[in-house]
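Visitor: The structure follows.
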Amino acid sequence: MPRRSTRLRIPAVLLAAVTGLALPAAAQAQGQGKPLPPPASDAMPSIELTVEMRDGHPVCLPMELRLPADTNVALNVVSRADQPVTITMPGQFENGRVLHADGDLVHVASEKGYTVKREGRGQLRLRTVSAGEKSFACTGANSRSNPSEGKVILTPPAG
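Residues -29 to -1, 1 to 130, numbered by mature numbering (1 follows the signal peptide of the UniProt record, and there is no 0), are exactly what the sequence shown covers, in order.
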């Protein structure tokens, strides 16, 4: 009876073992940091952020977002822009604060934001940062030198 070579089986088994160990580690690294404490409120308000073109540059509306602090929110992004637009908010898209993203949204790690495709839409479920005022910006792929800037006002949730 001919003997089969074990040379090919050993690398395949080794590859499967390494993959089995690497995937959970990669998933854990993606969540980076400590788990978030429970939200300050059980409610999950829904807020819409619209991107429009004005004078050839994307503008995010409303320019002032009022959100409850330390709370899960659903940010619905609707773009009417003719170019991809990156939305940035200091600290908001880091350290596991994005609970879920879907639709035409892509995480941009180097800019700590999310890009919405041209004329795209999507939803970000976020755990907001603590109370205070922060800035946010919408920057078009074709107009990086002229970002639209707004303000996020985070208030302690009612009750």
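Note that the Cβ used here is the ideal one computed from N, Cα and C, for glycine as well.
In three-state DSSP terms, what is residue 72?
Guide: In this structure, residue 72 counts as strand in the three-state DSSP scheme.
Visitor: How would you call residue 115, buried or exposed, if buried means at least 16 neighbouring beta carbons within 10 angstroms?
Guide: Under this definition residue 115 is an exposed residue.
Visitor: Would you kindly check if the distance between the Cβ of residue 53 and the Cβ of residue 10 is under 8 Å?
Guide: In this structure, residue 53 does not lie closer than 8 Å to residue 10 by Cβ.
Visitor: Report the three-state DSSP secondary structure of residue 50 (helix, strand or coil).
Guide: In the structure shown, residue 50 sits in a strand (DSSP, three-state: E or B).
Visitor: Give the straight-line distance between the Cα atoms of residue 189 and residue 34, rounded to the nearest whole angstrom.
Guide: One cannot answer for residue 189 here, as it falls past the ends of the chain, which runs -29 to 130.
Visitor: Rounding to the nearest angstrom, what Cα-Cα distance links residue -5 and residue 50 in this structure?
Guide: Interpretation of residue -5 is limited by its pLDDT of 38, a score under 50 that renders its predicted location unreliable; no figure is taken from the coordinates.
Visitor: Between the Cα of residue 120 and those of 62, 77, 5 and 29, spot the shortest distance and give me the residue it belongs to.
Guide: Of 62, 77, 5 and 29, the residue nearest in Cα terms is 29.
Visitor: From residue 80 to residue 59, what distance separates their C-alpha atoms?
Guide: Their backbone Cα atoms lie some 11 Å apart in a straight line.
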